[in-house]
Structure formats: structure tokens, C-alpha cells
Amino acid sequence: MFYKAASMTEPLACAHHAVSKIEINQGDTVIVMGPGPIGLLVAQVVKSKGGKVVITGLDNDKARLAKAEELNLDHVVNIQHTDLKEYVNNITDGYGADVVLECSGAVPAAKQGLDLLRKKGLYVQVGIFKDPEIPFDLEKIVQKEIRVVGSRSQKPADWEPSLQLMSTGQVNAEALVTAELDITEWDEGYNHIKGGEGIKVLLRPIE
């Protein structure tokens, strides 16, 4: 395994941890909300388990949505140009998604995620919100019997499966490294990410 891929083991372990907390069956429709590094890794882990991935983003996620297409994720949806609920209903015959993994930490995404699920669907909160308290539709959780799960970081048990996913080619973590710089060029790396062009920046130590 190359060092670029190895440097992505920890975020991949976080993604693996989130997916391992739920059951994904072959052919399940799984929505991943947010095409950031964790979202792109979560989507690949889901696909390795046989799920059909719908990954969502916005106009300012252009580079990340392009990366999702490059990774051959099943459905890549810009929700500023496509009605996501209508899209999901079309591909699920009106039943709704089996699983939603919210990876953006955006309140509107969390609210919409519950609405996109089928009855007895699974909702996993992976992204961290700016404010710890947000409005949540508990009535929808009750009426649809949705199971809500939280996922925080990773555990030691997630590392070996993550390495296996990369070594077998089921997850292409290296593709998320969009720049490699000397550590003294950290500010360039920061701007690369902030400008929306980058996903992950690898900083090399000074020899």
C-alpha cells in the first residue's frame, strides 16, 4: 500500500465505524448526505457492502461531486438542481431510502434525511453540527419507526478492516488526496481546501 493511501487510514476508519453500526443489505438504497472526505469514504464503504449509493451535495461542492462520479458512485445528486425527494422516490418506487448517513453536519440535511427514509429506515448522524442543539422531527421518527444512530470517530477495531478495504481496491482513499505539499507550504494547502478545489491535502515532513 502506498503512503498516500496509508495516510487516509484514520478517516477511513471513521467511515467504517459509522457504516459498521448498522445493517446494509445487498441492493439497499443508501443516501450519503455531504460529499466531503468522510462522506466520500462512507459512500465507498457502503458500496463495498452491496448498497446502492446516492451521494448529495451543493453547487459549491462541484469538485467533490466530480470526485464522486470519478469513484463510480451509483447516484451523484446536486440538490440545488434536482428535487432530492422526487429523485429518491423515483429510484425506490416511492418507498424511500433504506438508510441515510448524514455526513455534512448541516441542519437542513438532517431534517431532510428523516423525510427521505422509508418506514423503519435507519438514520445515522456522522457529521458534527455547529450548535449542539437542533430542531429534530421526533414525530416523524415515531410515526415511521425510524432507528436513529450516532457515530463518533473510530475504534481500534476499525483499522484492520479499513486497511483491507484499501488493499483489496474496494475503497480508493488515495483518490481523495488532491494535493501533496511540503509541511512549510501548509498555507497553500489550507487555501486549496478553503477554495473548494481540494478534498484532502498531504503534508510531507521536512527531511
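Numbering (the UniProt record's numbering), first residue to last: 1 to 207.
Glycine included, each C-beta is placed from N, C-alpha and C at the ideal position.
Sheet register partners of I183 (DSSP bridge) | Paired residues: none, contrary to the question.
Decide if V142 is buried, meaning its Cβ has at least 16 other Cβ atoms within 10 Å, or exposed.
-> exposed
Tell me where the beta strand (DSSP E) around N78 begins and ends.
-> Under the DSSP assignment, N78 falls in the beta strand (DSSP E) whose first and last residues are H75 to N78.
Hey, is the region 90–108 in contact with the region 29–48, meaning 3+ C-beta pairs nearer than 8 Å?
-> yes
Euclidean distance between Cα positions of T168 and L116 | 32 Å
Shortest alpha-carbon distance to E70 belongs to which of K155, P161, I146 and E174?
-> E174
Pick from Q112, V177, V201 and S20: whose alpha carbon is nearest that of L138?
-> Nearest option by C-alpha distance: Q112.
How close, in whole Å, do the beta carbons of R64 and G96 come, if the pair is a contact with beta carbons under 8 Å?
-> Actually they do not touch by this definition, with Cβ atoms about 25 Å apart.
Length of the line joining the Cα atoms of E207 and A5 | 21 Å
Have a look at the DSSP bridge pairing and note the partners of V148.
-> Y123
Boundaries (first-last residue) of the beta strand (DSSP E) holding M33 = T29 to M33
Nearest-angstrom Cα separation, counted from H75 out to L165 | 21 Å
Apart from the five residues on each side of it in sequence, which residues of its chain come closer than 8 Å, Cβ to Cβ, to I128?
-> Scanning its chain for C-beta atoms nearer than 8 Å, with the 5 sequence neighbours on each side dropped, one finds around I128 the residues G105, in chain order.
From which residue to which residue does the alpha helix (DSSP H) around L163 run?
-> W159 to S167 is the extent of the alpha helix (DSSP H) around L163.
A97 by DSSP, collapsed to three states: which one?
-> strand
What whole-angstrom Cβ distance do L181 and M8 have, given they're in contact under 8 Å?
-> No, L181 and M8 are not in contact; Cβ-Cβ is about 16 Å, not under 8 Å.
Would you identify the three-state DSSP class for K155, choosing helix, strand or coil?
-> When secondary structure is reduced to three states using DSSP, K155 falls in the coil class, being assigned neither helix nor strand.
C-alpha distance - A157 paired with L114, whole-angstrom precision | 29 Å
Along the chain, where does the alpha helix (DSSP H) that runs through L84 open and close?
-> L84 to I91
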